[in-house]
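To start, the structure itself, in structure tokens.
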Amino acid sequence: MVKYNRLYDDLAYLWPWVSVPEDYAEEASYWRAALRAKLGPGRHTLLELGVGGGNNLSHLSREFQATAVDLSEGMMAHSRQLNPEVDHFVGDMRSVRLGRTFKAVIIHDAIDYLLAEDDLRATFKTAAAHLEAGGILVIAPDWYRETFPDPYVSHSTTVKDGIELTFIEYEYDPDPSDTTVETVMLYMIREGGKLRIEEDHHINGIFPLQTWIDLMQAEGFSVEKFPYPVHQDGHEAYLLVGTLG
Ligand SMILES: C[S@@+](CC[C@H](N)C(=O)[O-])C[C@H]1O[C@@H](n2cnc3c(N)ncnc32)[C@H](O)[C@@H]1O
């Protein structure tokens, strides 16, 4: 039977082998630049939806007053360690309401888990509900429909604390007529001289750039594109920065 999102469930303990904060240092410099360009200096309040292991946030959480939300307790356990000063809450970015407002809401690659236009609308409503007037929403879909290099393949091997993990990702689009793509993840886990192989599937959303912009505008955001040159193959990427009101 195919199992989904194991990386955020029974395999969440492997996250530090899949990804480490240093991998995010360059990306985080673009997030910081966008936040500073819009908000100016100061220790502004910030809410990250879909914080995951908190790697990206770890580059921002000392200079902003951050709060974090994610669906997965297992992933947030890693973020809590990296970002001890941040309050973490379990919640779904499409529906969570913390009853507080912030200067900025940010959604990093967790936004790739929105699969339909209604999910985007609901998430932009969540962002608007958590922003002060003039506050900003910053998002970074990994791929737009126009930039997705079908297939996208990556792999890494990481050894630490007695575990060697070789992690392989294969992302492809089984049906270009819908708004989703699939990622197959393979984990070759070598521990105590034994090799174990685990398989995991993730479904992610894929939308044209203009759809993101239109739906943000429909929820009251004026949208700007900020540079985000993160794809090694040169595919264009942008931070989408929406200002409320
Ligand atoms: C790739 S991880 C994020 C990693 C993170 N950018 C970091 O720097 O560590 C994606 C996260 O999105 C979360 N997620 C997916 N759908 C969500 C939703 N609807 N609401 C909140 N979190 C969600 C998953 O639980 C997972 O922790």
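Letter 193 of the sequence shown, counting from 1, is numbered 189 in my numbering, and no numbers are missing. All C-beta atoms, glycine included, are put in the ideal place defined by N, C-alpha and C.
Where DSSP assigns a beta bridge to residue i, which residues make up the other side?
{"i": "residue 239", "result": "132, 218"}
{"i": "residue 108", "result": "Answer is none; residue 108 lacks a bridge partner."}
{"i": "residue 223", "result": "234"}
{"i": "residue 62", "result": "42"}
{"i": "residue 84", "result": "64"}
{"i": "residue 178", "result": "168, 199"}
{"i": "residue 247", "result": "Residue 247 cannot be examined here, being either before or after the span of the chain that is shown, -3 to 241."}
{"i": "residue 103", "result": "135"}
Cutting at 7 angstroms between CB atoms, please list the residues of its own chain near residue i, excluding the five before and the five after it.
{"i": "residue 232", "result": "143"}
{"i": "residue 220", "result": "237"}
{"i": "residue 69", "result": "86"}
{"i": "residue 23", "result": "52, 226"}
{"i": "residue 229", "result": "145"}
{"i": "residue 205", "result": "140, 142"}
To the nearest angstrom, report how far apart residue i and residue j are at their CA atoms.
{"i": "residue 114", "j": "residue 92", "result": "15 angstroms"}
{"i": "residue 83", "j": "residue 63", "result": "5 angstroms"}
{"i": "residue 170", "j": "residue 9", "result": "29 angstroms"}
{"i": "residue 19", "j": "residue 156", "result": "16 angstroms"}
{"i": "residue 137", "j": "residue 30", "result": "15 angstroms"}
{"i": "residue 147", "j": "residue 198", "result": "14 angstroms"}
{"i": "residue 193", "j": "residue 1", "result": "16 angstroms"}
{"i": "residue 225", "j": "residue 5", "result": "31 angstroms"}
{"i": "residue 49", "j": "residue 110", "result": "18 angstroms"}
{"i": "residue 141", "j": "residue 188", "result": "43 angstroms"}
{"i": "residue 209", "j": "residue 117", "result": "11 angstroms"}
{"i": "residue 38", "j": "residue 60", "result": "8 angstroms"}
{"i": "residue 102", "j": "residue 33", "result": "15 angstroms"}
{"i": "residue 134", "j": "residue 222", "result": "10 angstroms"}
Any chance the CB of residue i is under 7 angstroms from a heavy atom of ligand 1?
{"i": "residue 52", "result": "yes"}
{"i": "residue 49", "result": "yes"}
{"i": "residue 112", "result": "no"}
{"i": "residue 66", "result": "yes"}
{"i": "residue 90", "result": "yes"}
{"i": "residue 212", "result": "no"}
{"i": "residue 197", "result": "no"}
{"i": "residue 84", "result": "no"}
{"i": "residue 4", "result": "yes"}
{"i": "residue 40", "result": "no"}
{"i": "residue 71", "result": "yes"}
{"i": "residue 106", "result": "yes"}
{"i": "residue 15", "result": "yes"}
{"i": "residue 20", "result": "yes"}
{"i": "residue 45", "result": "yes"}
{"i": "residue 109", "result": "yes"}
In chain order, what residues of the same chain have a beta carbon less than 6 angstroms from the beta carbon of residue i, not counting five sequence neighbours either side?
{"i": "residue -1", "result": "none"}
{"i": "residue 154", "result": "13, 161"}
{"i": "residue 181", "result": "165, 196"}
{"i": "residue 58", "result": "none"}
Since I believe residue j is in contact with residue i (beta carbons under 8 angstroms), could you give me their beta-carbon distance rounded to a whole number of angstroms?
{"i": "residue 56", "j": "residue 28", "result": "6 angstroms"}
{"i": "residue 235", "j": "residue 216", "result": "At roughly 19 angstroms, the Cβ-Cβ gap does not stay under 8 angstroms, so residue 235 and residue 216 are not in contact."}
{"i": "residue 90", "j": "residue 122", "result": "6 angstroms"}
{"i": "residue 108", "j": "residue 200", "result": "4 angstroms"}
{"i": "residue 106", "j": "residue 46", "result": "2 angstroms"}
{"i": "residue 11", "j": "residue 71", "result": "6 angstroms"}
{"i": "residue 130", "j": "residue 98", "result": "Not quite, the Cβ-Cβ distance comes to about 12 angstroms (not below 8 angstroms), so this is no contact."}
Quick one: what's got a C-beta closer than 8 angstroms to residue i's C-beta in the same chain, skipping five residues either side?
{"i": "residue 21", "result": "55"}
{"i": "residue 175", "result": "111, 112, 113, 201, 202, 203"}
{"i": "residue 158", "result": "187, 188"}
{"i": "residue 242", "result": "Any property of residue 242 remains undetermined from this structure, which presents the chain solely from -3 to 241."}
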